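Some notes on the structure that comes next.
In the working numbering, the protein residues as written are 71 to 366.
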């Protein structure tokens, strides 16, 4: 009898531990848009993996990257290839290309935009090259070697004053995310995070604003250049995600949640498969518990 209860306790503990394996970033936050570039891009249409049918469109000189160009380097992992552009060139259409979503994500009290970038060769992310640019004023750009700035209509909301070694990496994959929280009356908070394949996500810049407050929209998002193909980013982008909420602050993800997303990008196993694996393990544990009962 004692043996039976010991086995039950062990199985229950294993069951609890297995539930913790599900990445925190995949549990509660609302994923509004997700471009992982791993599904075929047909006629310039980039499939949205969030389930919200917010497909993107390639424009300019941008292309769908070849196999194994994605962050993991594994077979089946592709990226957005913007290497035909010139870093920060403010001339369209020769400035480069982008992937864009033309509709608006409205009334967001908090949001997060995350992605991986890799510069083309030995050059920094600089010259105001856009990682993303929304037509209503929000943008994230590389201002100089190792520096990022998150702006709204010409106003800098957050920027790192000194060069960050992670952001200064050249021809290497860098994870970056910006969070915006406007859920507190009269004030908004912005944070910029960075990480890499070897380094966990950390805060590199933050700021507050008393003028850009309340619910905001992300209108006509462009990744890799402006909507008119200027200020292009010369390199690759991968695993672009937008999270957001229409009430509260939970759309602004924590560093812990962002690090779970970073780790998911490094794996050749997509997040849904990871969750399915965990679920399968849980099912096996439950079956084992049932078998123990029948034997005793």
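Beta carbons are placed, not taken as given, at the ideal position from N, Cα and C, and that holds for glycine. All figures in this text were calculated on a predicted structure; none of them were measured in a lab.
When the options are compared against residue i, the one with the closest alpha-carbon
i, options, result
"residue 265", "227, 248, 100", "248"
"residue 313", "299, 297, 288, 300", "288"
"residue 152", "201, 245, 268, 274", "201"
"residue 119", "102, 226, 285, 256", "102"
"residue 285", "125, 318, 235, 293", "318"
"residue 133", "296, 169, 194, 179", "169"
"residue 325", "148, 276, 124, 211", "276"
"residue 303", "121, 131, 125", "131"
"residue 231", "245, 127, 213, 240", "213"
"residue 278", "291, 260, 268, 293", "260"
"residue 187", "323, 321, 206, 293", "293"
"residue 253", "181, 190, 124, 144", "181"
"residue 233", "208, 195, 158, 328", "195"
"residue 273", "149, 125, 144, 263", "263"
"residue 185", "311, 320, 330", "311"
"residue 205", "290, 331, 147", "290"
"residue 321", "129, 147, 177", "177"
"residue 329", "316, 244, 257", "244"
"residue 127", "269, 147, 157, 115", "115"
"residue 129", "167, 208, 159, 255", "167"
"residue 323", "283, 255, 246", "246"
"residue 155", "255, 199, 268, 315", "199"
"residue 207", "190, 282, 316", "282"
"residue 257", "179, 336, 99, 235", "179"
"residue 135", "122, 112, 100", "112"
"residue 191", "334, 327, 157, 197", "157"
"residue 268", "99, 159, 333", "333"
"residue 160", "197, 148, 327", "197"
"residue 301", "203, 337, 331, 316", "203"
"residue 236", "117, 336, 271, 100", "271"
"residue 337", "99, 122, 148, 124", "148"
Identified DSSP bridge partners for residue i
i, result
"residue 185", "246"
"residue 228", "220"
"residue 449", "Residue 449 lies beyond the stretch modelled for the chain, which goes from 71 to 366, so this question has no answer here."
"residue 115", "112, 127"
"residue 153", "Per DSSP, none; premise fails for residue 153."
"residue 133", "151"
"residue 210", "202, 220"
Residue i - containing beta strand (DSSP E), residue span
i, result
"residue 101", "101-105"
"residue 297", "It is not in any beta strand (DSSP E) - residue 297 carries neither H nor E in the DSSP assignment."
"residue 175", "167-178"
"residue 309", "305-315"
Residue interval of the alpha helix (DSSP H) (run including residue i)
i, result
"residue 329", "325-336"
Problem set entry | Contact between the stretch 217-233 and the stretch 307-314 (3+ Cβ pairs under 8 Å) | no
For this session: Please determine if the stretch 107-117 and the stretch 139-148 are in contact, where contact requires at least 3 C-beta pairs separated by less than 8 Å.
Result: Touching, per the Cβ criterion.
For this session: Would you mind listing the beta strand (DSSP E) stretches within the stretch 238-293 that are 3+ residues and don't spill past its ends, in chain order?
Result: Correct list: 244-251, 258-266, 272-279, 286-293.
Exercise. Does the stretch 288-298 come within contact of the stretch 235-244, defined as at least 3 CB pairs closer than 8 Å?
Worked result: no
Exercise. Quick one: any contact between the stretch 222-229 and the stretch 172-185, if contact means 3 or more CB pairs under 8 Å?
Worked result: Pairwise C-beta distances place the stretch 222-229 out of contact with the stretch 172-185, as fewer than three of them are shorter than 8 Å.
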